[in-house]
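A.B. asks: Once you've had a glance at the structure underneath, I'll fire off some questions.
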Amino acid sequence: MNYELIRKDFPILTKTIYGKYPLVYLDNAATTQKPRQVVEAMTEEYYNVNANVHRGVHFLSQQATELHEGSRETVRKFLNARSASEIVFTRGTTESINLVAQCFSDAFMKEGDEVIVSEMEHHSNIVSWQLQQQRKGIRLRVIPITDDGQLRLDEYEKLFTDRTRIVSVTHVSNVLGTVNPVKEIIRIAHEHGIPVLIDGAQSTPHMKVDVQELDCDFFAFSGHKIYGPTGIGVLYGKEEMLEKLPPYMGGGEMIKNVTFERTTFNELPFKFEAGTPDYVASTGLARALDYVSSVGLDAIEAYERDLTAYAIQRMGEIEDMKIFGPADVSIHDAVISFQVGNIHHLDMGTLLDRLGIAVRTGHHCAEPLMHRLGIEGTCRASFAMYNTREEVDALVAAIKRVRQMF
Ligand code: PMP
19 MNYELIRKDF
29 PILTKTIYGK
39 YPLVYLDNAA
49 TTQKPRQVVE
59 AMTEEYYNVN
69 ANVHRGVHFL
79 SQQATELHEG
89 SRETVRKFLN
99 ARSASEIVFT
109 RGTTESINLV
119 AQCFSDAFMK
129 EGDEVIVSEM
139 EHHSNIVSWQ
149 LQQQRKGIRL
159 RVIPITDDGQ
169 LRLDEYEKLF
179 TDRTRIVSVT
189 HVSNVLGTVN
199 PVKEIIRIAH
209 EHGIPVLIDG
219 AQSTPHMKVD
229 VQELDCDFFA
239 FSGHKIYGPT
249 GIGVLYGKEE
259 MLEKLPPYMG
269 GGEMIKNVTF
279 ERTTFNELPF
289 KFEAGTPDYV
299 ASTGLARALD
309 YVSSVGLDAI
319 EAYERDLTAY
329 AIQRMGEIED
339 MKIFGPADVS
349 IHDAVISFQV
359 GNIHHLDMGT
369 LLDRLGIAVR
379 TGHHCAEPLM
389 HRLGIEGTCR
399 ASFAMYNTRE
409 EVDALVAAIK
419 RVRQMF
């Protein structure tokens, strides 16, 4: 993988920060930067194609519809879904999970029924279910983690009861970098006849995902974390599952016929896509997936794993350094949460910023995980395919400087 060529496609990476420092962008788990190919495709569409999609008889509307539905097909191929009708465009992972939590619990859950989540979930995969707890009295059961941030599969198996209705877990932790054994998690759930939603926000940018191979029932991811635009994401659902769910929101696009007495709903996936979709963002997402596919996810994964292992090793040289998550780099994805002595994560992050290095600080939308780890927050460096060993060296040098200041 030629990261030098790749970096040329991301103009923001040449930006200087505070007038003198070159940007070292290590906040990719929050959002990735965008290559020219994505931004230019969207600009081109706004300038030359823009028209509302579906049911338009005029030229531009048909062209815009072709682009939008072509993008759906690109997503289908990217995930290896069986059919494009299994690909629902949403605003992102959060909306995808909320859609499943609401529609699935409406269709299949009553008071006292249970969803299994894990201790390392992002708030979006906790609060969406808690809203259903309030609406319908469903209950959350939680898979605990080990001290080095791995799911306890022995405990997971014990959580199944005759009230379990769905399992909803993350593929990769946005705090610990843990790559969860989701195939095994899905297999165990299916043995109990229970469907599984996988939160793929942090896996899709870094590794090949094949939804048929995983055999997950639902899979969610966000465009902006995989070099695509903000405001668009995907919910994959097995057709037979999506067919059984009621619509999420009401409005245009999602209906077949409407009278004041009775409305019939559109076929999949449009039943879940009320209102004008972000058809320009879908183009951006498709170009981002094309970009990732042209580099190759196997090459990206190998490059980033090597970079992460290098970073863990180099950061380990720093005195008082604590790195969270698995020590085994084969299950530690491109996210490194750390803490140096008793330097507050906010102080560390702010000073690193002054040294031109962008990291994230705080609870990373995973407060229950922070409670489990007995901390308030961490500093988090997260990598993308355009990051380099030189940037890791810059991070290590900067952390050492900050440490000396305290
Ligand atoms: N799940 C995980 C694991 C995440 O890392 C994130 C984003 N930080 C989300 C869900 C939510 O994604 P979005 O904000 O794009 O909806």
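19 is the number of the first residue of the sequence shown in the numbering used here; add one for each residue after it.
Every residue, glycine too, gets a C-beta built ideally from N, C-alpha and C.
Going by the beta-carbon positions, is the gap between L97 and F290 smaller than 8 Å?
C.D. replies: Here the question's residue 97 lines up with position 79 in the sequence shown. Here the question's residue 290 lines up with position 272 in the sequence shown. Against a cut-off of 8 Å, the Cβ pair of F290 and L97 comes out as no contact.
A.B. asks: State the DSSP-derived secondary structure class of T49, mapped to helix, strand or coil.
C.D. replies: Position 31 of the sequence shown holds residue 49. T49: coil per DSSP, three-state reduction.
A.B. asks: Bridge partners for G251 per DSSP, in chain order?
C.D. replies: Your numbering for residue 251 matches position 233 in the sequence shown. Looking at the DSSP assignment, G251 forms a beta bridge with T108 and S240.
A.B. asks: Using a threshold of 7 Å, is the CB atom of C397 nearer than that to any non-hydrogen atom of the ligand PMP?
C.D. replies: As a first step, residue 397 must be located in the sequence shown, where it is residue number 379. It does not: the Cβ of C397 is nowhere closer than 7 Å to a heavy atom of the ligand PMP.
A.B. asks: Is K256 near the ligand PMP, with its Cβ less than 7 Å from a heavy atom?
C.D. replies: In the sequence shown, counting from the first residue as 1, residue 256 sits at position 238. Result no, Cβ not under 7 Å from the ligand PMP.
A.B. asks: Quick one: give me the first and last residue of the alpha helix (DSSP H) that Q4 is part of.
C.D. replies: No answer is possible for residue 4: it lies beyond the span of the chain, which begins at 19 and ends at 424.
A.B. asks: Threshold first: 4 residues or longer. Then list the alpha helix (DSSP H) segments lying entirely within the segment 345-386, N to C.
C.D. replies: 363-372
A.B. asks: Determine the closest residue to L78 out of R90, E91, Y64 and S89, with distance taken between C-alpha atoms.
C.D. replies: Here residue 78 refers to the residue found at position 60 of the sequence shown. Looking at the Cα atoms, Y64 is the closest of the given residues.
A.B. asks: State the DSSP-derived secondary structure class of K262, mapped to helix, strand or coil.
C.D. replies: If you number the sequence shown from 1, residue 262 lands on position 244. Looking at K262 - three-state DSSP - the assignment turns out to be helix.
A.B. asks: If you scan the segment 78-131 from start to end, which runs of the beta strand (DSSP E) of 3 or more residues do you find wholly inside it?
C.D. replies: 105-108
A.B. asks: If we call anything under 8 Å between Cβ atoms a contact, is Q184 one with I144?
C.D. replies: Within the sequence shown, residue 184 is the residue found at index 166, counting from 1. Within the sequence shown, residue 144 is the residue found at index 126, counting from 1. Note that residue 184 is Ile in the sequence shown here, rather than Gln. Not a contact, by the Cβ cut-off of 8 Å.
A.B. asks: Count the other C-beta atoms from every protein chain shown that fall within 10 angstroms of the C-beta of T326, then say buried if there are 16 or more, exposed otherwise.
C.D. replies: Mapped onto the sequence shown, residue 326 falls at position 308. So T326 counts as buried.
A.B. asks: Quickly, what does DSSP pair V190 with across the bridge? List them, please.
C.D. replies: The count along the sequence shown starts at 1 and reaches residue 190 at position 172. Note: V190 sits in a beta bridge opposite V197.
A.B. asks: Is the segment 131-149 close to the segment 178-196, with three or more CB pairs under 8 Å?
C.D. replies: yes
A.B. asks: Under 7 Å from any heavy atom of the ligand PMP, does the C-beta of C234 make it?
C.D. replies: In the sequence shown, counting from the first residue as 1, residue 234 sits at position 216. Because no heavy atom of the ligand PMP lies under 7 Å away, the Cβ of C234 does not count as near it: no.
A.B. asks: Please determine if the segment 299-312 and the segment 48-58 are in contact, where contact requires at least 3 C-beta pairs separated by less than 8 Å.
C.D. replies: yes
A.B. asks: May I have all residues whose beta carbon comes closer than 5 Å to any heavy atom of the ligand PMP, sorted in chain order?
C.D. replies: Taking each Cβ in turn, the ones that pass are G110, T111, T112, H140, S142, T188, N192, D217, A219, Q220 and S240.
A.B. asks: Compute the Euclidean distance between the alpha carbons of V75 and H86, then round it to the nearest angstrom.
C.D. replies: Position 57 of the sequence shown, counted from the start, is the residue given in the question as residue 75. Position 68 of the sequence shown, counted from the start, is the residue given in the question as residue 86. Going from the Cα of V75 to the Cα of H86 covers about 16 Å.
A.B. asks: Would you mind sorting N275 into buried or exposed? The rule is 16 or more other CB atoms within 10 Å of its CB.
C.D. replies: Position 257 of the sequence shown holds residue 275. It is exposed - the Cβ of N275 has fewer than 16 other Cβ atoms within 10 Å.
A.B. asks: What residue range is occupied by the uninterrupted beta strand (DSSP E) comprising R159?
C.D. replies: For the purposes of this step, residue 159 is identified with residue 141 of the sequence shown, where counting begins at 1. R157 to I161 is the span of the beta strand (DSSP E), which, as asked, contains R159.
A.B. asks: Quick one: what does DSSP say N68 is sitting in, helix, strand or coil?
C.D. replies: The count along the sequence shown starts at 1 and reaches residue 68 at position 50. Of the three classes helix, strand and coil, the one that applies to N68 here is coil, per DSSP.
A.B. asks: Give the straight-line distance between the Cα atoms of K128 and I156, rounded to the nearest whole angstrom.
C.D. replies: The count along the sequence shown starts at 1 and reaches residue 128 at position 110. The count along the sequence shown starts at 1 and reaches residue 156 at position 138. Taking C-alpha positions only, K128 is separated from I156 by approximately 6 Å.
A.B. asks: Given that a residue counts as buried once 16 or more other Cβ atoms are within 10 Å of its Cβ, and exposed if not, what is F126?
C.D. replies: Taking the sequence shown and counting its residues from 1, the one referred to as residue 126 is at position 108. When all chains shown are included, F126 counts as exposed.
A.B. asks: Considering only the beta carbon of each residue, do L303 and G241 sit closer than 8 Å?
C.D. replies: Counting from one through the sequence shown, the residue named residue 303 turns up at place 285. Counting from one through the sequence shown, the residue named residue 241 turns up at place 223. A distance below 8 Å separates the beta carbons of L303 and G241.
A.B. asks: Go to S221, then tell me how far its beta strand (DSSP E) extends in each direction, as first and last residue.
C.D. replies: Residue 221 sits at position 203 when you count from the first residue of the sequence shown. That residue, S221, is in no beta strand (DSSP E); it is neither H nor E in DSSP.
A.B. asks: Using 10 angstroms around the beta-carbon of G334, count the other beta-carbons present and answer buried if the total reaches 16, otherwise exposed.
C.D. replies: The residue given as residue 334 occupies position 316 in the sequence shown. Exposed, by the Cβ-count rule.
A.B. asks: May I ask you to report which of helix, strand or coil DSSP gives P40?
C.D. replies: The residue you call residue 40 lines up with position 22 of the sequence shown. Here P40 sits in strand by DSSP.
A.B. asks: In this structure, how does DSSP classify T281 when only helix, strand and coil are distinguished?
C.D. replies: By 1-based counting over the sequence shown, the position of residue 281 is 263. In this structure, T281 counts as strand in the three-state DSSP scheme.
A.B. asks: For my contact list, K243 and T49 are in at a C-beta cut-off of 8 Å; report their separation, rounded to the angstrom.
C.D. replies: As a first step, residue 243 must be located in the sequence shown, where it is residue number 225. As a first step, residue 49 must be located in the sequence shown, where it is residue number 31. The beta-carbon distance between K243 and T49, rounded to whole angstroms, is 6 Å. This is short enough to meet the 8 Å contact definition.
A.B. asks: List, from N- to C-terminal side, the alpha helix (DSSP H) runs of 4 residues or more that fit wholly inside the segment 269-318.
C.D. replies: 297-313
A.B. asks: Could you check if L171 is buried or exposed, using at least 16 other CB atoms within 10 Å of its CB as the buried criterion?
C.D. replies: Locating residue 171 in the sequence shown gives position 153, counting from the first residue. Exposed, since its Cβ has fewer than 16 Cβ neighbours within 10 Å.
A.B. asks: Start and end of the alpha helix (DSSP H) containing K418?
C.D. replies: The residue given as residue 418 occupies position 400 in the sequence shown. Where K418 is concerned, the enclosing alpha helix (DSSP H) stretches over R407 to M423.
A.B. asks: Confirm, please, whether the CB-CB distance from F424 to L263 is below 8 Å.
C.D. replies: Along the sequence shown, read from residue 1 onward, the residue named residue 263 stands at position 245. Along the sequence shown, read from residue 1 onward, the residue named residue 424 stands at position 406. No, they are not a contact pair.
A.B. asks: Let me make sure I understand the geometry here. Which of V227, L260 and V353 has the alpha-carbon closest to that of A47?
C.D. replies: Indexing the sequence shown from 1 puts residue 47 at position 29. The shortest Cα separation from A47 among V227, L260 and V353 belongs to V353.
A.B. asks: Is it true that the CB of A402 sits closer than 8 Å to the CB of L370?
C.D. replies: Start at 1 with the first residue of the sequence shown, and residue 370 comes out as number 352. Start at 1 with the first residue of the sequence shown, and residue 402 comes out as number 384. Contact annotation: L370 and A402 have beta-carbon atoms that are not nearer than 8 Å.
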